[in-house]
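First comes the structure, then the notes that go with it.
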Amino acid sequence: MPIFIFLIGVRGAGKTTLIRMYQNETAPIPILKPSTTRHKRTENDDEYHFVQKWVTDDYLWTIDVGENQYGVHKNEISGLGNNEPCLCVFDPSGINTINDLRDKYPGRVITVGIDTIPDSQTQHNRVGGDENRMMNRVDF
11 MPIFIFLIGV RGAGKTTLIR MYQNETAPIP ILKPSTTRHK RTENDDEYHF
61 VQKWVTDDYL WTIDVGENQY GVHKNEISGL GNNEPCLCVF DPSGINTIND
111 LRDKYPGRVI TVGIDTIPDS QTQHNRVGGD ENRMMNRVDF
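Position 112 (the sequence shown) corresponds to 122 in this note's numbering; numbering is contiguous.
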């Protein structure tokens, strides 16, 4: 089993930007590409594997966000060795899922928080007013 390093931050914090910057370097740590049932935001959206049908048993974890599912397919870690680190982005709303993974795989989960957004108004601005990505004050 690999060691999971999760980059956690609210929507718009820069998780994907950070991952893309890291990929442009010679990335020594593999990056897990999550899957989702949501639709692409743009034609060039390649942040996820976009799937039509979700089979929960095929994924390491599943997070339900509204009517959509998010997770990482088991194939993403099939080529990784024992104790090999891997990176994955994570929304803090799924912290219970990370805690479950931490319980299931002791010593194999590391979380790194990305704290770049001070308040919900800034978060709304960062996501360009996209209602599907905006967080309310309580959730923020």
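Built from N, CA and C at the ideal position, the CB exists for glycine as well. Model, not experiment: these values are computed from the prediction.
{"query": "Neighbourhood of residue 15 by C-beta distance below 6 Å, restricted to the same chain and skipping five residues each side", "result": "95, 97, 120"}
{"query": "Backbone secondary structure at residue 105 - three-state DSSP", "result": "helix"}
{"query": "Which listed residue (73, 139, 147) has its alpha carbon closest to that of residue 101", "result": "73"}
{"query": "Where residue 25 falls, given that 16 or more other Cβ within 10 Å makes a residue buried", "result": "buried"}
{"query": "Bridge partner(s) assigned by DSSP for residue 99", "result": "17"}
{"query": "Burial state of residue 134 (16 or more Cβ within 10 Å)", "result": "buried"}
{"query": "Bridge partners - residue 134, DSSP secondary structure assignment", "result": "Partner(s): none; residue 134 has no beta bridge."}
{"query": "Proximity of residue 41 and residue 33 at Cβ, strictly below 8 Å", "result": "yes"}
{"query": "Residue 69: first and last residue of the uninterrupted beta strand (DSSP E) it sits in", "result": "69-75"}
{"query": "Simplified DSSP state of residue 79, which is helix, strand or coil", "result": "strand"}
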